[in-house]
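Taken in order, these protein sequences are the chains called Y, F and S. If you read the first sequence in our numbering, its first letter stands for residue 1, the second for the next number, and so on. If you read the second sequence in our numbering, its first letter stands for residue 266, the second for the next number, and so on. If you read the third sequence in our numbering, its first letter stands for residue 523, the second for the next number, and so on. Working notes, beginning with the structure itself.
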Amino acid sequence: MTTRPAIEVTGVHRVFGRGPTAVTALHDINLSIAAGEFISLIGPSGCGKSTLLRLIADLDQPTDGTITVFDHSAKEARLAREYGIAFQQAGLLPWRTVAQNVDLPLQLAHQGKRARKERIDHLLDMVGLTDFANHYPDQLSGGMQQRVAIARALAEEPSLLLMDEPFGALDEMTREHLQTQLLRICAESRAAVVFVTHSIPEAVFLSNRVVVMSPRPGEIRRIVDITLDRTSDDLRTNPAFFESVAAVRDALHNGAPAGAGVDLR
Amino acid sequence: MTTTLKHAAATIAPPLILFTALLAAWQAFVTLGDIPAFILPGPTAIADQFTQFREPITGAALTTGRNALIGLIIGAILGILTAIISATLWIADRIAEPIVTALAVVPIVALAPVLYSMFGASSEQARIIVAALAVYVPVYLNTLTGLRQVLPVHRDLMRALAAKPLDVIRYVTIPTATPHVFTGLRMASALAVISAIVAEYFGGPRSGVGSFITTAAAGSNYAQAWAYVLGGIVVGLVFYTTTLALETYALRKAGHR
Amino acid sequence: MNAVKAVLSNKVVAAVLAIIAVAALWETYKALGPDQGVSLGETRILPRTTDITMPHTWEMIQRVVEPVSGATGAQPLWFAVFAAAVFTFSIAIAGWLIGVTVGVVLAVVMQRLAIIERAVLPLVIISQTVPLIALAPLVRSWGSQITIGTVPWQPWMSVAVIASYLAFFPVAVGMLRGLQSPPTIQVELLRAYGAGWWTTLMRLRLPASVPHLIPALRLAAANAVVGTIVAEVATGLPGGIGRMILEYANFASSDPAKPWAPIFGSIILGLIAAGVITLLGLLLRTYRRVETS
Numbered sequence: 001m002t003t004r005p006a007i008e009v010t011g012v013h014r015v016f017g018r019g020p021t022a023v024t025a026l027h028d029i030n031l032s033i034a035a036g037e038f039i040s041l042i043g044p045s046g047c048g049k050s051t052l053l054r055l056i057a058d059l060d061q062p063t064d065g066t067i068t069v070f071d072h073s074a075k076e077a078r079l080a081r082e083y084g085i086a087f088q089q090a091g092l093l094p095w096r097t098v099a100q101n102v103d104l105p106l107q108l109a110h111q112g113k114r115a116r117k118e119r120i121d122h123l124l125d126m127v128g129l130t131d132f133a134n135h136y137p138d139q140l141s142g143g144m145q146q147r148v149a150i151a152r153a154l155a156e157e158p159s160l161l162l163m164d165e166p167f168g169a170l171d172e173m174t175r176e177h178l179q180t181q182l183l184r185i186c187a188e189s190r191a192a193v194v195f196v197t198h199s200i201p202e203a204v205f206l207s208n209r210v211v212v213m214s215p216r217p218g219e220i221r222r223i224v225d226i227t228l229d230r231t232s233d234d235l236r237t238n239p240a241f242f243e244s245v246a247a248v249r250d251a252l253h254n255g256a257p258a259g260a261g262v263d264l265r
Numbered sequence: 266m267t268t269t270l271k272h273a274a275a276t277i278a279p280p281l282i283l284f285t286a287l288l289a290a291w292q293a294f295v296t297l298g299d300i301p302a303f304i305l306p307g308p309t310a311i312a313d314q315f316t317q318f319r320e321p322i323t324g325a326a327l328t329t330g331r332n333a334l335i336g337l338i339i340g341a342i343l344g345i346l347t348a349i350i351s352a353t354l355w356i357a358d359r360i361a362e363p364i365v366t367a368l369a370v371v372p373i374v375a376l377a378p379v380l381y382s383m384f385g386a387s388s389e390q391a392r393i394i395v396a397a398l399a400v401y402v403p404v405y406l407n408t409l410t411g412l413r414q415v416l417p418v419h420r421d422l423m424r425a426l427a428a429k430p431l432d433v434i435r436y437v438t439i440p441t442a443t444p445h446v447f448t449g450l451r452m453a454s455a456l457a458v459i460s461a462i463v464a465e466y467f468g469g470p471r472s473g474v475g476s477f478i479t480t481a482a483a484g485s486n487y488a489q490a491w492a493y494v495l496g497g498i499v500v501g502l503v504f505y506t507t508t509l510a511l512e513t514y515a516l517r518k519a520g521h522r
Numbered sequence: 523m524n525a526v527k528a529v530l531s532n533k534v535v536a537a538v539l540a541i542i543a544v545a546a547l548w549e550t551y552k553a554l555g556p557d558q559g560v561s562l563g564e565t566r567i568l569p570r571t572t573d574i575t576m577p578h579t580w581e582m583i584q585r586v587v588e589p590v591s592g593a594t595g596a597q598p599l600w601f602a603v604f605a606a607a608v609f610t611f612s613i614a615i616a617g618w619l620i621g622v623t624v625g626v627v628l629a630v631v632m633q634r635l636a637i638i639e640r641a642v643l644p645l646v647i648i649s650q651t652v653p654l655i656a657l658a659p660l661v662r663s664w665g666s667q668i669t670i671g672t673v674p675w676q677p678w679m680s681v682a683v684i685a686s687y688l689a690f691f692p693v694a695v696g697m698l699r700g701l702q703s704p705p706t707i708q709v710e711l712l713r714a715y716g717a718g719w720w721t722t723l724m725r726l727r728l729p730a731s732v733p734h735l736i737p738a739l740r741l742a743a744a745n746a747v748v749g750t751i752v753a754e755v756a757t758g759l760p761g762g763i764g765r766m767i768l769e770y771a772n773f774a775s776s777d778p779a780k781p782w783a784p785i786f787g788s789i790i791l792g793l794i795a796a797g798v799i800t801l802l803g804l805l806l807r808t809y810r811r812v813e814t815s
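What follows is the structure, given as structure tokens:
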């Protein structure tokens, strides 16, 4: 593993529309994400967190500024399939079974049949859906569909995972369960993650750093470092966890100096 | 298994019972009311004529069915091809839109007389073209709708996976559009038969169901005319159920449920 | 390119361009195609291009302003077509009204009683897959044989009945879908207020059905026009566009542009019928708002 950054965002602006109706979605964004780092983007609706993720994924282009992904332009990284992506909707193809959905990226990459079969089995095992390989998406619960989408995002062993509120539509119990699983999967794959969310506990639970954004225009207000002992079993009830939650909440609400015990940059 | 059977019975039984009741009421009305045949012959009289004229009715039904089938194939191919062009080329869409909007509300069968003169009054071509035009409209509109149903999340996904344009078409666009294409075809299959029959009222050779209905009615053979109508109904039902079966099979095979 | 896009976004411009494109296609084929058309074996797959079978587009237009026939004092052709169109349109309106009434009543009954929906809806759908319009020549014999009360059955009534048969289907299906469109939460909200079936129908289901009803009414209007023209031909009712199309077809060899006039008339009639419903839709646009979340 080299020390090169996974993502380098420099002076990025994104303006939608032209003239008097133009909306500045992102204003002067600068952000560096290290390899293997878990970053959350958090902020109210309209703060541009999803837009920033789409720019990194090259699903949209910045009006100004540059984005590099593993030292390449975002477009080159996309064409080289450097990242895996999961959306708020699972976005599974309804006419394909669970296994076939996970297979899609491998099929597009023209991998051999046997290698694909092995990889699918491994991925389905990882997300605990081996028994559902031949089910269709409409036969699965929302949480299971999202697990398929995550398996699909991990199909080509990417060293970067982009996730746009993947657990946003799920109930709290499923959500916490998937968060724990995601942490385990990330530890196994050592991938860097950019995770868009509007849940403060979710961001704190998952991330090394939480990027707090504010709207109109979309800007980075503060970046909160999270230092938690992730080996402990009762992380969610840990006082350090609540302190971090309070720090992020504080940064979100007014940007006034945060409470004690929180490391700010 | 028993539950599916029960379900099927529950679906089929009510319309079947109603249909039988309507037939019985019709027969009773004609018999008890002493209704003359020129107003309404009874179902038994029609069935009697149907068996008696089985051979000419079959021949006429085959001619009409052939016209409708060729029209259906031509119209469907043209409809799907031009819809693909319209989905790709913005300018083609803009030019085609008013034409198809007009075709959708315009009596296409009215073109039959001039088509008879363009292709020759002794040929079946005019009927085939009327059927093809009638088929074209729903197939084009539904295919175009289907091609535009691709979800933004699927488009993003394929872009993120750096899929080639042909792969996007193969893995997303075609599967998304297929159910809509079949909806169009199903609507079109009935229209093809109806148009082929009606086009026969506007002239052309005396060969199909439509022309025999007019002949029989003009000769006051009312029950016989009704028997030919029944022949046309059978053709229509065959077309509709065949398309429906094809649709069910193709969609199941493609993984649609 | 952007200027082209802006111009083409105008519907009128696009429609004019479309007409020009069709006319150009016609003239190009007429100029380049062989006189006897193109045949594949016995079958002619492209039409003959002589002036008799394919008159020039400008001849068709010119013919419309000329008199109907050589007789002195003959009306201009467009006027004769106009008169026939008015006749056909009034029958179509009658057919449309009957069809819409039957369709709406059927839909309300089907919505009210599920068992009726299960029995009637499949038959309604099958009724459209079978060419029952083939019955049209038989309805002809009803003329002057039936009386309703003291009113003798008029031939135009047969035509209107056939037109209504084509018109009722889209209304029945579209209206039923519209009546069933309110989500459960809205239905339960009204139930929570103690509203009965009638109140729910008037306050919720009817307004909710408008977005589904407008396209159905437009289709019904187009179908009523088609049905009237076909029925005029099949029952031999004189005075309307349908009969005129058939009569003028006899002039195909001596006056080849003449048969096109009633065809254009029928096309305009179809467009007007659909256009009227679009206007109706504009009046009801309050009910076509969509709740966005």
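Glycine is no exception: its CB is placed at the ideal position from the N, C-alpha and C atoms.
So, helix, strand or coil for A258(Y), using DSSP?
-> Confidence at A258(Y) is low in this model, with a pLDDT of 43, below 50, so the placement of that residue should be treated as unreliable; the coordinate-derived value is given next. Looking at A258(Y) - three-state DSSP - the assignment turns out to be coil, as it is neither helix nor strand.
CB-CB under 7 angstroms to P737(S), same chain, minus the five flanking residues each way: which ones, in chain order?
-> G696
Proximity of P167(Y) and Q146(Y) at Cβ, strictly below 8 angstroms | The residue asked about is misnamed: residue 167(Y) is Phe in this sequence, not Pro. In contact: F167(Y) and Q146(Y) (Cβ atoms closer than 8 angstroms).
Do S703(S) and S731(S) have their C-beta atoms within less than 8 angstroms of each other?
-> yes
Interface partners of P62(Y) on chain F, CB under 8 angstroms | Correct list: empty, because the minimum Cβ distance to chain F is about 16 angstroms.
Secondary structure at P674(S), three-state DSSP: helix, strand or coil?
-> Note: P674(S) maps to strand in three-state DSSP.
Using DSSP with H/G/I as helix, E/B as strand and the rest coil, what is V415(F)?
-> It is coil, neither helix nor strand.
Just to confirm, are G324(F) and A457(F) a CB contact at a threshold of 8 angstroms?
-> no
Compare the C-alpha of H419(F) against each of F294(F), R435(F) and A293(F) and name the closest.
-> Shortest Cα-Cα distance from H419(F) to any of F294(F), R435(F) and A293(F) involves R435(F).
Quick one: does I304(F) have its CB under 8 angstroms from some CB of chain Y?
-> Closer than 8 angstroms: no.
So is M383(F) in contact with chain S if we call contact Cβ pairs under 8 angstroms?
-> With 8 angstroms as the cut-off, M383(F) counts as an interface residue toward chain S.
Pull up the distance between the alpha-carbon of L59(Y) and that of A425(F), whole angstroms please.
-> 7 angstroms
So does L412(F) have its beta carbon nearer than 7 angstroms to some heavy atom of the ligand GDP?
-> The model depicted lacks the ligand GDP and carries no ligand whatsoever.
Whose C-alpha, out of W600(S), V603(S) and R566(S), is nearest the C-alpha of S387(F)?
-> Nearest C-alpha to S387(F): R566(S).
S207(Y): which of V148(Y), R184(Y) and S214(Y) sits nearest, CA to CA?
-> For S207(Y), the closest C-alpha among the options V148(Y), R184(Y) and S214(Y) is that of R184(Y).
Can you find a CB in chain Y that lies within less than 8 angstroms of the CB of A411(F)?
-> Per the sequence presented here, residue 411(F) reads as Gly, with Ala not at that position. So no, G411(F) is outside the interface.
Check F16(Y) in the structure and name its three-state DSSP category.
-> strand
C-beta atoms of V500(F) and A656(S) nearer than 8 angstroms = no
What is the rounded straight-line gap between the Cα of F241(Y) and the Cα of V204(Y)?
-> 7 angstroms
Contacting positions in the segment 130-147 of chain Y - beta carbon closer than 8 angstroms to chain F | Y136 and D138
Answer with yes or no whether the minimum CB distance from H419(F) to chain Y is below 8 angstroms.
-> yes
Name, going along the chain, the residues of the segment 566-591 of chain S whose beta-carbon falls closer than 7 angstroms to a beta-carbon of chain F.
-> Residues of the segment 566-591 of chain S that bring their beta carbon within less than 7 angstroms of a beta carbon in chain F comprise R566, P569, R570, T575 and M576, in sequence order.
Count the CB pairs spanning the segment 405-424 of chain F and the segment 77-89 of chain Y that are closer than 8 angstroms, and state whether there are at least three.
-> yes
Excluding sequence positions up to five away, which residues of its chain have a Cβ less than 7 angstroms from the Cβ of V433(F)?
-> Spatial neighbours of V433(F) in its own chain (CB-CB distance under 7 angstroms, excluding positions within 5 residues in sequence) are listed in chain order as M423.
Chain S beta carbons: is any one of them nearer than 8 angstroms to that of G344(F)?
-> no
Please determine, among K271(F), W355(F) and V379(F), the residue with the shortest C-alpha to C-alpha distance to V529(S).
-> W355(F)
May I ask which residues mark the beginning and end of the alpha helix (DSSP H) holding V245(Y)?
-> P239 to H253
With DSSP as the reference, label N532(S) as helix, strand or coil.
-> coil
State buried or exposed for I394(F), treating a residue as buried only when at least 16 other CB atoms are found within 10 Å of its CB.
-> Buried, by the Cβ-count rule.
Anything in chain F within Cβ reach of F16(Y), meaning under 8 angstroms, just list it in chain order.
-> The contacting residues do not exist; F16(Y) stays about 16 angstroms from chain F at best.
With a Cβ-Cβ cutoff of 8 angstroms, do T750(S) and T610(S) count as a contact?
-> yes
Anything in the segment 421-440 of chain F with a Cβ closer than 9 angstroms to a Cβ of chain Y? List those residues in chain order, please.
-> With the criterion set as a beta carbon lying under 9 angstroms from some beta carbon of chain Y, the members of the segment 421-440 of chain F are D421, L422, M423, R424, A425, L426, A427, A428, K429, D432, Y436, V437 and P440, in sequence order.
Interface residues of chain F facing S788(S) [CB-CB closer than 8 angstroms] | V371, P372 and A375
Given that R96(Y) touches chain F, what residues does it touch there, using C-beta distances under 7 angstroms?
-> G520
Closer than 8 angstroms to chain F by CB, L793(S) | Chain F contact via Cβ: present.
Cβ neighbours of L252(Y) in the same chain (closer than 6 angstroms, five flanking residues each side left out) = In chain order, V212 place their CB closer than 6 angstroms to the CB of L252(Y), counting only its own chain and leaving out the 5 sequence neighbours on each side.
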